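Before any comments, here is the structure.
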Amino acid sequence: MSADGGVRTVVTGVGVAAPNGIGAEAYWAATLAGRSGIAPTTRYDAAGYPLRLAGEVPAFDPEQHIPSRLIPQTDHGTRLSLYAADEALRDSALDPARLAPYGMGVATASSMGGFEFGQRELQNLWSKGGRFVSAYQSFAWFYAVNTGQISIRHGLKGSSNTVVTDAAGGLDALGNARRQIRKGTTAMLSGGVDGALCPLGVAGQLSSGAMSTGDRADRAFLPFADDAPGQVPGEGGAFLVLEDAASAQRRGARDYGELAGYAATFDPGPPPPGGAATGLVRAIRGALRDAGMAAADVDVVFADAAGVPDLDRAESQALGEVFGPGGVPVTAPKSMTGRLFAGGASLDLATALLALRDGVIPHTANVSRPGKGHPIDLVTREPREADLRSALVVARGRGGFNAAAVVRRDV
Amino acid sequence: MERRIVITGIGAVAPGKPGAKEYWELISNGRTATRTISSFDPAPYRSRVAAECDFDPFTAGLGRQEVRRMDRATQFAVAAAREAVADSGLDLPADDPATVGVSLGNAVGCTTSMEREYAVLSNEGADWLVDHRYAVPHLYDHFVPSSIAAELARLVGAQGPVALVSDGCTSGLDAIGHGADLIREGSVDVVISGGTDAPISPITLACFDAIKATTPRNDDPEHASRPFDATRNGLVLGEGAAVLVLEELEHARRRGAQIYAEVAGVGTRCNAYHMTGLRSDGTEMADAITQALTEARLTPESVDYVNAHGSSTKQNDRHETAAFKTALGRHAYDVPISSVKSMIGHSLGAIGALELVACVLAMREGLVPPTANLHEPDPVCDLDYVPLRAREARVDNVLSVGSGFGGFQTAVVLARPEREAA
Amino acid sequence: MSDARATVTELTVEDLTRIMRESAGEDESIDLDGDILDSAFTDLGYDSLALLETTGRIARDYGVELSDDILDGIETPREFLTAVNQSLAAA
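So the sequences go chain by chain: A, B and C.
Number 162 in UniProt numbering belongs to position 162 of the first sequence; there are no gaps in the numbering.
Number 36 in UniProt numbering belongs to position 36 of the second sequence; there are no gaps in the numbering.
Number 69 in UniProt numbering belongs to position 69 of the third sequence; there are no gaps in the numbering.
Structure (structure tokens):
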């Protein structure tokens, strides 16, 4: 028997909360139109920080989307998660109540948890005393919060989990969801919606040394450009409904495509100067092998696109090694959202599915051409129409985490 | 052929003295490690006791740089991993590092470091706009706990899948489940697995105070954690780490490794009910147990010992008792059940792994650790909770369960490896 | 805020409703402005966590600490108000 136990996993629902669009279709339209969500920080006064730009989800009114009872007990990021999970479930038209009692679970990824909530309660404790700490702090900031709240909101009692692998988590969560489906769970609500755009979170991000310190939103995050100035943090991501293909077929559900391949690896240190990250190459090849595909079968790559010269080079070299120089179109629509931590790769995978659906590759904004030494065909300036059957999504997390996933549509 | 997963090495940093042997010494003798909190002044808090580790990172072999860089939870994990790898006899890094993975459980990240750095950056809470210029260089790693798993991966030379599993208080068990999945599906042959947490910090005390989860029995720390006792009134916070080396059975046999136990079945459920509350019927935990036994191809009657979650809160111990009755039927009344949290407290994301180490040693030693401080059984908790003293018993098959904030319910079944593959 | 309230000698049902809305939101299907005094908190959509957050807020703003024993026995807003106001009167 093959590793998948004969079970194929398809995506039957997509929900998005992104800096350039709330809702999958609004986000997709903005992305194809090249509208960026990167703008001056509004959530707090950033004037005193070297990082003054962010991809904030604009005009999200929690009262409009989240039950009142949940608002006092949730971080902003959890509210965005609940929104995206709800949209994905509605989009799938799957009614969890019609499944077996433990037929559906939740698999999410997080990086800092409900961090703004956490900073507020730390401030209450340190400035006023322990009695001022909220009863909700015990779970509102911790990493598993979105898994728990989504499970409760939709009555999902199946095997559920939370992974923390920094920005690789957006794919690792989906890999975990597919594992559960292969083990017999009918469907999983899975993905990452993440971000910590509060002063304490941004202080942490600044310590990574990878942040972009300019003030021009259109020059701040330029993956694969010669003069890539660093990263812009954002918030948001995507949730997907992953479903056993047999179940989706039985209920006549429309599907966006199959999560056909996935692999994760670890790189213990940076690659040799000018060389490819060997772990990243293994992750990409592992995902292709898992999908039963050759490199030539991949029609487009959604890159991790760190926006930091060394990291960009390690990725473009890895892509060059697997696909040959310029062997496949590569793109980074996250140039319009900033890096969404554990949410970014889930959003990339959702974007890849929308690209397969509409036969168009969204472009990498603000970058006119890849820098020297990047052996890739970077899609720039405008979306590129193409007959797309499959896409590779690449994600990396700080410290050496790599993940790769392949999605494929039936033809 | 199905790939089976066995445990070939164990390491522990438990409250009291570090080391798996020292841990077993403590719990097999029914001694407790709870005391008044010593790492800071707990006077302002409702609950002021905890089970602390007497852990010195330098004695544990960490260098000055590592101690500066690593949160206490990371230090625990590294020390436990070194012990576990040495115990397994594995030669790491492996010839092919891609065949080794890491799956570590952790509930609350690098809480101690996060709070310490917050206090510095915020001028002791005065400023919302924290001053990033005072940040330590690795602040990001204190905020994003995948750093703990990454440290372990570099320590053992793992280049396969590496993950931090964070499912609240079931993290330690779920990390073992995830590690077993990685081996079963063929991604790797060896997984360094387990759990770690070092939550004893003002913010943790304050948030557990706010929901009255922790015990106010401050005048009698040693007897503060009282699972299944009628007078229990909350959990005792703990800290620590346990690492278990998971290995594919044939891989272990080929190298003639000692084999402690097989990870025979894992079941996980969510109650989809409440972030902190539990329904008294324990339905979802019962189903997790049934799922784990089914995967292990074992009947309820074949369970020789149950390692309970037994957190010493009113609602948990009742919830769990009901779950055992539902899942094990009549056998729930016959099988010895105990909670080591009575002795080492509740170390959140670490405890599931520490409890599995206790299970492994119970199998090896033929001795069931007791539930300390159980003098006056709660009539609702009317099962054999092995009060006060350890009990000799042949233990072939063990069930260990956990329950966590977020609604997570997990059950793990360990079995003697020499049983025939079904 | 807490200083201004320190002189308050009585907690009214309107105060309680406001604090509960702030601390725990409100169930969309329930009219908190109706006659709620003798409804169980659980029927009003409030669980034990919501009550803990509410009592924490009242402890801070009114200086009233309710013991676990008293809290355990409280099921309705009327019982809650009685307990808080007895405590305020005794202070």
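Note that the Cβ used here is the ideal one computed from N, Cα and C, for glycine as well.
As the structure is a computational prediction, the values presented were derived from the model and not from experiment.
Kindly list the residues whose CB is nearer than 8 Å to the CB of B:Pro379, restricted to its own chain and excluding five residues on each side of it in sequence; keep chain order. In the second sequence, counting from the first residue as 1, residue 379 of chain B sits at position 379. When the five nearest sequence neighbours on each side are left out, the beta carbons in the same chain lying within less than 8 Å of the beta carbon of B:Pro379 are those of Ala230, in order along the chain.
Kindly indicate the opening and closing residues of the alpha helix (DSSP H) around B:Thr268. Position 268 of the second sequence, counted from the first residue, corresponds to residue 268 of chain B. Careful: B:Thr268 lies outside any alpha helix (DSSP H), inside the beta strand (DSSP E) at 261 to 270.
Quick check on DSSP: helix, strand or coil for B:Thr8? Taking the second sequence and counting its residues from 1, the one referred to as residue 8 of chain B is at position 8. In this structure, B:Thr8 counts as strand in the three-state DSSP scheme.
Please decide whether B:Gly277 counts as near chain C, where near means a Cβ-Cβ distance under 8 Å. Taking the first residue of the second sequence as position 1, residue 277 of chain B is located at position 277. Yes, because at least one Cβ of chain C sits closer than 8 Å to the Cβ of B:Gly277.
Taking 8 Å as the cut-off, decide whether the C-beta atoms of A:Ala173 and A:Gly192 are in contact. As a working mapping, residue 173 of chain A is identified with position 173 in the first sequence. As a working mapping, residue 192 of chain A is identified with position 192 in the first sequence. The Cβ atoms of A:Ala173 and A:Gly192 lie closer than 8 Å to each other.
Given that A:Pro72 touches chain C, what residues does it touch there, using C-beta distances under 8 Å? Position 72 of the first sequence, counted from the start, is the residue given in the question as residue 72 of chain A. Residues of chain C passing the Cβ test: Glu22, Ser23, Ala24, Gly25, Glu53.
Using the Cα positions of residue 429 of chain B and A:Ala228, report the straight-line distance between them to the nearest angstrom. This structure leaves residue 429 of chain B out entirely; chain B is present only between 1 and 422.
Return the chain-ordered list of same chain residues with a C-beta closer than 7 Å to the C-beta of A:Ala88, the five sequence neighbours on each side being excluded. As a first step, residue 88 of chain A must be located in the first sequence, where it is residue number 88. Excluding positions up to five away in sequence, the list reads Gly13, Val14, Gly15, Leu189, Phe239, Leu240, Val241.
In chain C, which residues lie with their C-beta within 9 Å of the C-beta of A:Pro67? The sequence position of residue 67 of chain A within the first sequence is 67, counting from 1. Contacts between A:Pro67 and chain C, judged by CB atoms closer than 9 Å, involve Gly25, Asp27, Glu28 in chain order.
Length of the line joining the Cα atoms of B:Ile211 and A:Gly103: Your numbering for residue 211 of chain B matches position 211 in the second sequence. Your numbering for residue 103 of chain A matches position 103 in the first sequence. The alpha-carbon atoms of B:Ile211 and A:Gly103 are separated by roughly 32 Å.
Can you say whether A:Arg396 is buried or exposed, counting buried as having 16 or more other CB atoms within 10 angstroms of its CB? Residue mapping note: residue 396 of chain A aligns to position 396 of the first sequence, counting from 1. By the 10 Å Cβ count, A:Arg396 comes out buried.
Exposed or buried, which one is B:Tyr385 when buried takes at least 16 other CB atoms within 10 Å? Position 385 of the second sequence, counted from the first residue, corresponds to residue 385 of chain B. B:Tyr385 counts as buried, since at least 16 other C-beta atoms from the protein chains shown sit within 10 angstroms of its C-beta.
Enumerate in chain order the residues of its own chain whose CB-to-CB distance from A:Val7 is below 7 Å, with the five nearest sequence positions on each side excluded. Here residue 7 of chain A refers to the residue found at position 7 when the first sequence is read from its first residue. Counting only Cβ-Cβ distances below 7 Å, and skipping sequence neighbours, we find Ile181, Arg182, Asp244.
Note the first and the last residue of the continuous beta strand (DSSP E) segment covering C:Leu66. Mapped onto the third sequence, residue 66 of chain C falls at position 66. From DSSP, C:Leu66 is part of no beta strand (DSSP E); its letter is neither H nor E.
Starting from the Cα of B:Ala390, find the closest Cα among B:Arg69, B:Thr8, B:Asn29, B:Lys21 and give me that residue. Counting from one through the second sequence, the residue named residue 390 of chain B turns up at place 390. Per the Cα distances, B:Asn29.
Taking Cβ-Cβ distances shorter than 8 Å, what residues in chain A pair up with B:Asp174? Start at 1 with the first residue of the second sequence, and residue 174 of chain B comes out as number 174. Listed along chain A, the residues sitting closer than 8 Å to B:Asp174 by beta-carbon distance are Asn161.
Close beta carbons around A:Phe266, own chain, < 8 Å, minus the five adjacent residues each side: Translated into positions along the first sequence, residue 266 of chain A becomes position 266. Gly279, Gly400, Phe401, Asn402, listed in sequence order.
If you draw a straight line from the C-alpha of C:Met1 to the C-alpha of A:Trp126, how long is it? Along the third sequence, read from residue 1 onward, the residue named residue 1 of chain C stands at position 1. Along the first sequence, read from residue 1 onward, the residue named residue 126 of chain A stands at position 126. Confidence is the limiting factor: at C:Met1 the pLDDT is only 42, short of 50, which leaves the residue's position unreliable, though a coordinate-based value still follows. Between the C-alpha atoms of C:Met1 and A:Trp126 there is a straight-line separation of about 18 Å.
Measure the alpha-carbon distance for B:Ala43 versus B:Pro202 and round it to whole angstroms. Translated into positions along the second sequence, residue 43 of chain B becomes position 43. Translated into positions along the second sequence, residue 202 of chain B becomes position 202. Those two C-alpha atoms are separated by around 10 Å.
Check the Cβ of C:Leu49 against every Cβ in chain B and list those closer than 9 Å, keeping chain order. Indexing the third sequence from 1 puts residue 49 of chain C at position 49. The CB of C:Leu49 comes closer than 9 Å to the CB of Ile211, His274, Met275, Thr276, Gly277 in chain B, given here in chain order.
Along chain C, which residues have their Cβ under 8 Å away from the Cβ of A:Arg131? The sequence position of residue 131 of chain A within the first sequence is 131, counting from 1. Chain C residues near A:Arg131: Gly56, Ala59, Arg60.
Please name the residue or residues paired with A:Pro270 in a DSSP beta bridge. Your numbering for residue 270 of chain A matches position 270 in the first sequence. Per DSSP, none; premise fails for A:Pro270.
Opposing strand residues paired with A:Pro40 [DSSP bridges]: Taking the first residue of the first sequence as 1, we reach residue 40 of chain A at position 40. A:Leu53.
DSSP bridge partner residues for B:Val136 (one or two, in chain order): For the purposes of this step, residue 136 of chain B is taken as residue 136 along the second sequence, with counting starting at 1. According to DSSP, which records beta bridges pairwise, B:Val136 is partnered with nothing at all.
In chain order, which continuous runs of the beta strand (DSSP E) of length 3 or greater are located wholly inside the region 148 to 177 of chain A? Whole beta strand (DSSP E) segments, 3+ residues: 161 to 164.
Helix, strand or coil, according to DSSP, for C:Val13 in the structure here? Taking the first residue of the third sequence as 1, we reach residue 13 of chain C at position 13. Correct three-state label for C:Val13: helix.
Kindly identify the DSSP beta-bridge partner or partners of A:Val300. Your numbering for residue 300 of chain A matches position 300 in the first sequence. DSSP, once it has assigned bridges, lists A:Ala391 as partnering A:Val300.
Residues of its chain near A:Val394, where Cβ-Cβ distance is below 6 Å and the 5 sequence neighbours each way are ignored: Walking along the first sequence from the start, residue 394 of chain A turns up at place 394. Excluding five sequence positions before and after A:Val394, the CB atoms of its chain that fall closer than 6 Å to its own CB belong to Ala303, Asp304, Ala404, given in chain order.
On the three-state DSSP scale, how would you describe B:Thr276? Taking the first residue of the second sequence as position 1, residue 276 of chain B is located at position 276. Note: B:Thr276 maps to coil in three-state DSSP.
Given a threshold of 16 other Cβ atoms within 10 Å of its Cβ, counted over all protein chains shown, does A:Met1 qualify as buried or as exposed? Within the first sequence, the letter at position 1 stands for residue 1 of chain A. Residue confidence for A:Met1 is low, a pLDDT of 40 falling below 50, so the modelled location carries little weight and cannot support an answer.
Would you call the region 126 to 144 of chain A in contact with the region 53 to 60 of chain B, where contact means no fewer than 3 C-beta pairs closer than 8 Å? As far as the Cβ criterion goes, the region 126 to 144 of chain A does not touch the region 53 to 60 of chain B, which means the pair count is below three.
From B:Glu418, B:His309, B:Ala393, residue whose alpha carbon lies closest to that of B:Gly345: Numbered from its first residue, the second sequence carries residue 345 of chain B at position 345. Its Cα nearest to that of B:Gly345, the residue B:His309 stands out among B:Glu418, B:His309, B:Ala393.
Would you verify that the beta carbon of C:Gly34 is, or is not, closer than 8 Å to some beta carbon of chain A? Stepping through the third sequence from its first residue, residue 34 of chain C is reached at position 34. No, C:Gly34 does not count as interfacial toward chain A.
Alpha carbon to alpha carbon, how far is A:Val367 from A:Arg313? Give it in angstroms, no decimals. To locate residue 313 of chain A, count along the first sequence from 1; it is residue 313. To locate residue 367 of chain A, count along the first sequence from 1; it is residue 367. Each residue's alpha carbon lies about 15 Å from the other.
Rounded to the nearest angstrom, how far is the Cβ of A:Ala287 from that of A:Val411, given a contact under 8 Å? By one-based count along the first sequence, residue 287 of chain A stands at place 287. By one-based count along the first sequence, residue 411 of chain A stands at place 411. At roughly 20 Å, the Cβ-Cβ gap does not stay under 8 Å, so A:Ala287 and A:Val411 are not in contact.
Between C:Met20 and C:Tyr62, how many whole angstroms is the CB-CB distance? I'm expecting something under 8 Å. Residue mapping note: residue 20 of chain C aligns to position 20 of the third sequence, counting from 1. Residue mapping note: residue 62 of chain C aligns to position 62 of the third sequence, counting from 1. About 14 Å; that fails the 8 Å criterion.
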